[in-house]
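So the sequence shown is numbered by the numbering used here: it starts at 1 and just counts up by one.
Inspection log for the structure reproduced underneath, given as structure tokens.
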Amino acid sequence: MLIEKLKRIVGDGNFTTDSHELEPHLREWRDIWTGRTLLLVRPDTTRKVSEVVRACHESNTSVVPQGGNTGLCGGAIPDDSGEQVLLSLSGMNKIRALSANDYTVIADAGCTLAAVQNAAADADRFFPLSLAAEGSCQIGGNLSTNAGGINVLRYGTARTLALGLEVVLADGTIWDGLRALRKDTAGYDLKQFFIGAEGTLGVITAACLRLFPAVQNPQTAFVAVSSPSAAVSLLAELRQQLADQLQAFELIPDRAIRFVHQHIPDTRAPIADSSPWYVLIEVANLATEELLESALMSCFERGLITEATIAKNRGEAASLWAVRHAISEAQKKEGASLKHDVSVPVAEVGNFVEMASRFVEDYLPGIRPVAFGHVGDGNIHFNLSQPINGSPEAFLAEREPLAALVYGCVDQFDGSISAEHGIGQAKKADLRKYRGNLEVDLMRKVKGAFDPRNIMNPGKVF
Ligand SMILES: Cc1cc2nc3c(=O)[nH]c(=O)nc-3n(C[C@H](O)[C@H](O)[C@H](O)COP(=O)(O)OP(=O)(O)OC[C@H]3O[C@@H](n4cnc5c(N)ncnc54)[C@H](O)[C@@H]3O)c2cc1C
Numbered sequence: 001m002l003i004e005k006l007k008r009i010v011g012d013g014n015f016t017t018d019s020h021e022l023e024p025h026l027r028e029w030r031d032i033w034t035g036r037t038l039l040l041v042r043p044d045t046t047r048k049v050s051e052v053v054r055a056c057h058e059s060n061t062s063v064v065p066q067g068g069n070t071g072l073c074g075g076a077i078p079d080d081s082g083e084q085v086l087l088s089l090s091g092m093n094k095i096r097a098l099s100a101n102d103y104t105v106i107a108d109a110g111c112t113l114a115a116v117q118n119a120a121a122d123a124d125r126f127f128p129l130s131l132a133a134e135g136s137c138q139i140g141g142n143l144s145t146n147a148g149g150i151n152v153l154r155y156g157t158a159r160t161l162a163l164g165l166e167v168v169l170a171d172g173t174i175w176d177g178l179r180a181l182r183k184d185t186a187g188y189d190l191k192q193f194f195i196g197a198e199g200t201l202g203v204i205t206a207a208c209l210r211l212f213p214a215v216q217n218p219q220t221a222f223v224a225v226s227s228p229s230a231a232v233s234l235l236a237e238l239r240q241q242l243a244d245q246l247q248a249f250e251l252i253p254d255r256a257i258r259f260v261h262q263h264i265p266d267t268r269a270p271i272a273d274s275s276p277w278y279v280l281i282e283v284a285n286l287a288t289e290e291l292l293e294s295a296l297m298s299c300f301e302r303g304l305i306t307e308a309t310i311a312k313n314r315g316e317a318a319s320l321w322a323v324r325h326a327i328s329e330a331q332k333k334e335g336a337s338l339k340h341d342v343s344v345p346v347a348e349v350g351n352f353v354e355m356a357s358r359f360v361e362d363y364l365p366g367i368r369p370v371a372f373g374h375v376g377d378g379n380i381h382f383n384l385s386q387p388i389n390g391s392p393e394a395f396l397a398e399r400e401p402l403a404a405l406v407y408g409c410v411d412q413f414d415g416s417i418s419a420e421h422g423i424g425q426a427k428k429a430d431l432r433k434y435r436g437n438l439e440v441d442l443m444r445k446v447k448g449a450f451d452p453r454n455i456m457n458p459g460k461v462f
């Protein structure tokens, strides 16, 4: 009997079928996807993960890997059959090794992102991946979704931060690719297949990650701009003036500031006079503190910004970031919302936001676009809040036509329908529509090669 075998493998206290305990694992953050499971297992070693997957492989049972379950597209939620095994990586939560000299850390896949950041900081090093869910999302989930976050502009996505992986393959075999090499052209770069694969090719059990020197003299500014296009011009100018030391460059619409102010306690508007758009800027490692101020002053004189404030200390900087990080939570309190995590070439961000906003407002009067995010990476969270006093159900029923409008605009700029959250269950049909048959058929061939029995997170991505 598979269930009994899996229970024996993981041991007492590391499995559950209790509906109360299962509840948070079977429901996605925004309550959009729910599922059922045969059994939740929480193995605490790679060997146990391997034995669990092997047993599932032998009985043709599907496995759904789950990290912190903060993904926003239903990738970590099992289907409704109640026949899939939910494999939580939370038990795999140790920092295995950290080398300050090598600037690397080897972490179990179930370490939270915050735990990896803290381990790096304790060694006077910096792990740059950072996102609002960092207290609960896990490094394995970050890699499986190729997470982005706020520091991609300078350090790249999760993909660029991984030097090596340990993976349990679909038949239970352990692949030890935990190398710490900066250069390695010995054949195909196999780890890249598993990064961004959303658990459809294997289970990541550990990763060797790149670290960086501790950030010196970080400075945070909040500036007002007239439009997303002005933000793009500002970005280009600041990169030049600040010797490319920008760490983050986040676009925020006034509507998001009002949502946060209204719903999240202890937050205040960072700039007294309201502006239609703002940018939260973080720089570090500048030769002198004055450089940021003089760069902003010259941008002000050239009309690129209309107002600016620079945080005087880390406490003030944290308050500015708190506003940015609270946007998703505040938008949740404004009723139903539809999220579109998209990217276009950086220079086209302004044109995209303007076009997509016009299209959705024409289609559904009263709709409230909240376009915010990582302009420095061309990545906009083009989120839509329901009309005030409208019915949430009626709004959510418009999901497909609204997505078609937004993705149609993305397509016009040769962009991507998924910049950093992945495909999961949410965008399967859109993947084929916008990436085309050739690309999706090639992806399917990769899937078939790694997982011929289709037991790894089936029904996701494709
Ligand atoms: C408030 C909020 C803000 C966010 N901001 C950002 C942001 O700025 N940038 C960003 O990129 N994302 C963001 N996200 C989305 C989410 O946090 C990321 O996608 C994150 O990387 C998911 O990690 P997780 O551990 O929660 O993965 P889960 O949600 O548990 O899983 C995600 C996918 O990865 C698979 N998976 C998980 N662990 C493994 C593993 N060990 N091996 C194989 N497959 C695995 C799952 O099957 C699933 O398909 C945000 C989410 C929230 C709630």
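All C-beta atoms, glycine included, are put in the ideal place defined by N, C-alpha and C.
Only a predicted model underlies this, so the values are computations on that prediction, with no experimental measurement involved.
query, result
"Going by C-alpha to C-alpha distance, which of V346, N383 and D377 sits closest to V360?", "N383"
"Cβ of I150 within 8 Å of Cβ of L181?", "no"
"In whole angstroms, what separates the C-alpha of H340 from that of S62?", "29 Å"
"Alpha carbons only, please: which of G148, R96, A76 and F127 is nearest the one belonging to N457?", "A76"
"So, helix, strand or coil for Y188, using DSSP?", "coil"
"Could you give the first and the last residue of the continuous alpha helix (DSSP H) run that contains R432?", "K428 to F450"
"For a test of the three-state rule: what should DSSP assign to R27, helix, strand or coil?", "strand"
"At a cut-off of 7 Å, would you count I204 as near ligand 1, judging by its Cβ distance to the nearest heavy atom?", "yes"
"Looking at the strands, I want to know which residues DSSP matches up with V167.", "W175 and I204"
"Heavy atom of ligand 1 less than 7 Å from the Cβ of N454, yes or no?", "no"
"Roughly how many angstroms separate the alpha carbons of L6 and C208, rounded to a whole number?", "28 Å"
"Here's the rule: buried if 16 or more other CB atoms are within 10 angstroms of the residue's CB, otherwise exposed. What is N379?", "buried"
"What residue range does the beta strand (DSSP E) around T82 cover?", "Rather than Thr, the amino acid found at residue 82 in this sequence is Gly. First-last for G82: undefined, no H or E at that position."
"What does DSSP give as the partner residues of D411 in its beta bridges?", "Partner(s): none; D411 has no beta bridge."
"With burial defined as no fewer than 16 other Cβ atoms inside 10 Å of the residue's Cβ, what is the status of V446: buried or exposed?", "exposed"
"For a minimum of 4 consecutive residues, which ranges assigned as the alpha helix (DSSP H) are wholly contained in the segment 260-318?", "290-301"
"Indicate, with yes or no, if ligand 1 has a heavy atom lying under 7 Å from the CB of W29.", "yes"
"Can you tell me which of the three DSSP states F127 falls into?", "coil"
"Nearer than 7 Å: is that true of the beta carbon of Q117 relative to any heavy atom of ligand 1?", "no"
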